[in-house]
């Protein structure tokens with residue numbers, strides 16, 4: 009099967025991947041972006057804290073980004089990537105072997121460099137009604153959504169050690185905050201700090217997240233049948249990186265994001281992994297990256313990849 013060749017293939021068309029692509033196409037690199045079409049923030053109607061784009065739809069931002077990349081000759085395709093592996097032939101310039109990317113359709117592409125920006129998936133607690141509220145009535149980021157529920161009834165569902173910081177943060181936005189322990193162990197010192205700031209602590213187990221007839225959040229029902237009316241729920245889901253391609257290529261991992269963060273692929277400040285020629289950017293390696301953080305990481309990775317290609321081209325010119 010014939011393969012298409014590129015300077016760089018970017019797997020993932022979110023803010024990190026498209027930002028890297030924009031840097032590279034403006035540097036006159038031949039770039040292919042392969043996007044699975046399911047960005048992490050697709051459930052949210054608006055994004056906040058994004059300078060110059062506050063309140064925009066995240067999907068609108070990505071659509072604009074794709075247009076910008078294509079304006080400079082980049083190619084953005086909605087395709088599922090089945091595998092990525094070192095190429096079995098030397099690139100056209102005689103440099104490093106590069107990589108072969110195989111799509112679910114079986115079509116194959118080769119590239120001199122590879123950037124993986126496949127993001128992560130949020131695994132929610134198995135509480136009935138919670139998944140239906142994700143991205144609207146139930147959210148994760150106080151800085152993204154706290155202003156919209158300021159001075160209203162906020163519930164924080166404890167899911168682990170990071171929940172203590174989350175509930176203390178949300179007290180900044182409202183005096184009416186309830187911390188639902190739901191069986192999570194919280195240290196006595198932490199509980200003392202929580203109650204000292206006027207945050208209510210609810211020890212009873214959560215039975216269900218409730219919605220009204222329009223599907224909007226109404227509150228939480230506890231195991232004994234009592235109901236707690238709420239305007240918003242914040243929680244920390246389990247962050248699971250979509251890093252199968254990176255692991256398959258042999259990228260090394262290290263300790264993850266905060267307590268109980270698990271193993272995440274290790275990168276240097278530019279996003280370079282332990283695999284020569286492979287970079288990673290955005291939530292796939294940094295679960296704490298918001299839209300502007302992921303875009304900034306992609307911007308830096310794009311410039312670093314271009315510099316790496318130039319170094320290879322210098323070596324080839326000298327050898328010739």
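Numbering (the numbering used here), first residue to last: 9 to 328.
Idealized CB from N, CA, C, for every residue including glycine.
Where the alpha helix (DSSP H) through residue i begins and ends
i           : result
residue 69  : 66-79
residue 278 : No alpha helix (DSSP H) contains residue 278, which DSSP labels as neither H nor E.
residue 173 : 170-178
residue 29  : 23-34
residue 196 : 196-204
residue 135 : Per DSSP, residue 135 belongs to no alpha helix (DSSP H) and is neither H nor E.
residue 150 : 150-153
residue 243 : Unbroken run through residue 243 is the beta strand (DSSP E), 240-243; no alpha helix (DSSP H).
residue 253 : 252-256
Residue j beta carbon less than 8 Å from that of residue i
i           : j           : result
residue 37  : residue 15  : yes
residue 289 : residue 306 : yes
residue 225 : residue 213 : no
residue 237 : residue 227 : yes
residue 13  : residue 118 : yes
residue 295 : residue 128 : yes
residue 183 : residue 206 : yes
residue 285 : residue 107 : yes
residue 415 : residue 140 : The structure shown has nothing for residue 415, since the chain only spans 9 to 328.
residue 95  : residue 257 : no
residue 26  : residue 67  : no
residue 39  : residue 135 : no
residue 86  : residue 250 : no
Presumed contact (8 Å Cβ cut-off) between residue i and residue j, rounded CB distance
i           : j           : result
residue 243 : residue 189 : Actually they are not in contact, since the Cβ atoms of residue 243 and residue 189 sit about 12 Å apart, beyond 8 Å.
residue 124 : residue 83  : Going by Cβ atoms, the distance from residue 124 to residue 83 rounds to 17 Å, so no, they are not a contact pair.
residue 245 : residue 131 : 6 Å
residue 309 : residue 28  : 5 Å
residue 291 : residue 48  : 6 Å
First through last residue of the beta strand (DSSP E) which encompasses residue i
i           : result
residue 93  : 89-94
residue 313 : That residue, residue 313, is in no beta strand (DSSP E); its alpha helix (DSSP H) goes 299-327.
residue 208 : 208-210
residue 108 : 107-111
residue 162 : 162-165
residue 246 : 246-249
residue 43  : 39-43
residue 224 : Taken as a continuous stretch (DSSP letters only), residue 224 belongs to no beta strand (DSSP E), as it is neither H nor E.
residue 262 : 261-263
residue 217 : 214-219
residue 116 : 116-124
residue 237 : 235-237
residue 186 : 185-188
residue 288 : 286-288
residue 48  : Taken as a continuous stretch (DSSP letters only), residue 48 belongs to no beta strand (DSSP E), as it is neither H nor E.
CB contact check: residue i to chain B, cutoff 8 Å
i           : result
residue 178 : Although the question refers to chain B, the structure presented lacks it and comprises just one protein chain.
From the options, residue whose alpha carbon lies closest to that of residue i
i           : options               : result
residue 89  : 296, 158 and 253      : 253
residue 298 : 39, 59, 29 and 33     : 59
residue 74  : 30, 283 and 87        : 30
residue 160 : 178, 26 and 174       : 178
residue 33  : 69, 17, 286 and 77    : 77
residue 262 : 106, 207 and 293      : 293
residue 143 : 55, 255, 220 and 300  : 55
residue 121 : 312, 325 and 322      : 312
residue 186 : 323, 167, 192 and 208 : 208
residue 181 : 283, 162 and 86       : 162
residue 168 : 217, 247 and 216      : 247
residue 215 : 203, 234, 204 and 64  : 234
residue 174 : 283, 35 and 241       : 241
residue 330 : 221, 239 and 210      : What is shown of the chain runs 9 to 328, which leaves residue 330 out entirely.
residue 239 : 255, 158, 303 and 282 : 158
residue 271 : 146, 283 and 255      : 255
residue 320 : 64, 204, 105 and 203  : 105
residue 302 : 192, 204 and 57       : 57
residue 192 : 323, 281 and 171      : 171
residue 300 : 17, 282 and 64        : 64
Contact test: residue i Cβ vs the ligand PLP heavy atom, cutoff 7 Å
i           : result
residue 213 : Questions concerning the ligand PLP fall outside what the structure shown contains, since it holds no ligand whatsoever.
Is there contact between the stretch 42-59 and the stretch 16-25, where contact requires at least three CB pairs shorter than 8 Å?
yes
Three or more C-beta pairs below 8 Å linking the stretch 185-204 and the stretch 113-130
no
Does the structure place the stretch 314-322 close enough to the stretch 149-156 that three or more beta carbon pairs sit under 8 Å?
no
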